[in-house]
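*Asks:*
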Amino acid sequence: MTTPIIIALDFSKGSQAWDLAERLDPRRYRLKIGKELFTAAGPDLVRGLALHDFEIFLDLKFHDIPNTVAGACQAAARLGVWMVNVHASGGRAMMQAAREAVAHLPQRPLITAVTVLTSLGAADLAETGIKRKPAEQVRHLASLAQECGMDGVVCSAREAADLRKTLGAEFKLVTPGIRLPGSQPDDQQRTMTPAEALAAGADYLVVGRPVTAAADPLVALQNLENNIKSRKERK
Ligand code: C5P
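The numbering of the sequence shown is our numbering, which starts it at 288 and goes up by one.
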């Protein structure tokens, strides 16, 4: 049975990704490939991991003119990925083109949208001409993404409860910034535990360094799973 955990393979080489993937059961864990690993190891790695039955979230955050993003989403679908994402700030026509580009495919990937990067604060947004507070801008872009047929958004777990309420039960919420109580936050500003994020309405938990930088990634994963289980038992 798959867990809600998506492991972020934030490595610089394909061999590091394979070393970890070979220790994982693809029926249980999904993998995320972002810009660093994709740029280093390319589509062959994505195809290879997908052929090993892993469901892959290709986190390339496409943001371009509609025609280009549509083509990129189709190319991602051809690699056999489970989820691909775009920037909601690319606008309505871009998101609709992305959706339409994969709509007819028999096994289309889910398309999620990034709202506001969690690295941006109110002052950063103001500097780019956006007057809304980050949380308001997130809500605004998430609603637009839903209107355009996106399957969900990537958001901070802190925003999950609010978005779940306004956007309904079916809209997928993918949340990074997950940490166990008392562990290193690294550069994540506002973290949540797996149990807290799920209670707030998250569907998927993106976890990178707590697993990839652990002395034993499998033990780290078990600790995360235990945290999820503790919530189920408390219910
Ligand atoms: O190592 P850590 O668990 O902090 O990794 C989180 C992963 O989620 C990274 O791959 C990062 O790029 C991604 N991410 C994020 N914040 C966002 C969107 C994606 O941390 N807003």
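Built from N, CA and C at the ideal position, the CB exists for glycine as well. Predicted model, so just to flag it, every value in this text is computed and none were measured.
1) Thr326 lies in the alpha helix (DSSP H); which residues open and close that run?
2) Would Ala487 and Ala448 be called neighbours here (beta carbons separated by less than 8 Å)?
3) Sorry if obvious, but does the Cβ on Ala400 come closer than 7 Å to a heavy atom of the ligand C5P?
4) Starting from Thr462, trace the beta strand (DSSP E) in both directions and tell me its first and last residue.
5) Would you check whether the ligand ATP has a heavy atom nearer than 7 Å to the C-beta of Thr355?
6) Is DSSP giving Val441 helix, strand or coil here?
7) Between Arg310 and Leu505, what straight-line distance do the alpha-carbon atoms span, to the nearest angstrom?
8) Express the C-alpha separation of Pro481 and Arg280 in angstroms, rounding to a whole number.
9) Only counting the same chain, and skipping five residues up and downstream in sequence, which positions put a Cβ closer than 8 Å to that of His339?
10) Leaving out five residues before and five after Ala484 in sequence, what residues of the same chain have Cβ atoms less than 7 Å from its Cβ?
11) For the ligand C5P, is there a heavy atom less than 7 Å away from the beta-carbon of Asp411?
12) Just to confirm, are Leu511 and Leu460 a CB contact at a threshold of 8 Å?
13) Check whether the segment 342–358 touches the segment 367–378, taking contact to mean three or more Cβ pairs, one atom from each stretch, closer than 8 Å.
14) Residue ranges of each beta strand (DSSP E) run of no fewer than 3 residues wholly in the segment 349–427, ordered along the chain?
15) Considering Cα atoms alone, identify which of Asp503, Glu342, Gly321 and Thr290 is closest to Phe298.
16) Give me whichever residues DSSP pairs with Ile294 in a beta bridge.
17) In angstroms with no decimal places, state the Cα-to-Cα distance between Gln471 and Met288.
18) Starting from the Cα of Asp474, find the closest Cα among Phe458, Arg496 and Thr453 and give me that residue.
19) Tell me, to the nearest whole angstrom, how far the beta carbon of Val425 is from that of Val403; I am working on the premise that it is less than 8 Å.
20) In the DSSP assignment, what are the bridge partners of Phe344?
*Replies:* This is what the structure gives:
1) Lys322 to Leu338
2) yes
3) no
4) Lys459 to Thr462
5) With respect to the ligand ATP, the structure offers nothing, as its ligand set consists of the ligand C5P.
6) strand
7) 8 Å
8) Absent from the model: residue 280. The displayed extent of the chain is 288 to 522, so no value can be given.
9) Ala308 and Pro313
10) Ala444, Ala447, Thr462, Ile465 and Leu492
11) no
12) no
13) yes
14) 370–374 and 397–401
15) Gly321
16) Leu318 and Val494
17) 28 Å
18) Arg496
19) 5 Å
20) Lys319 and Met370
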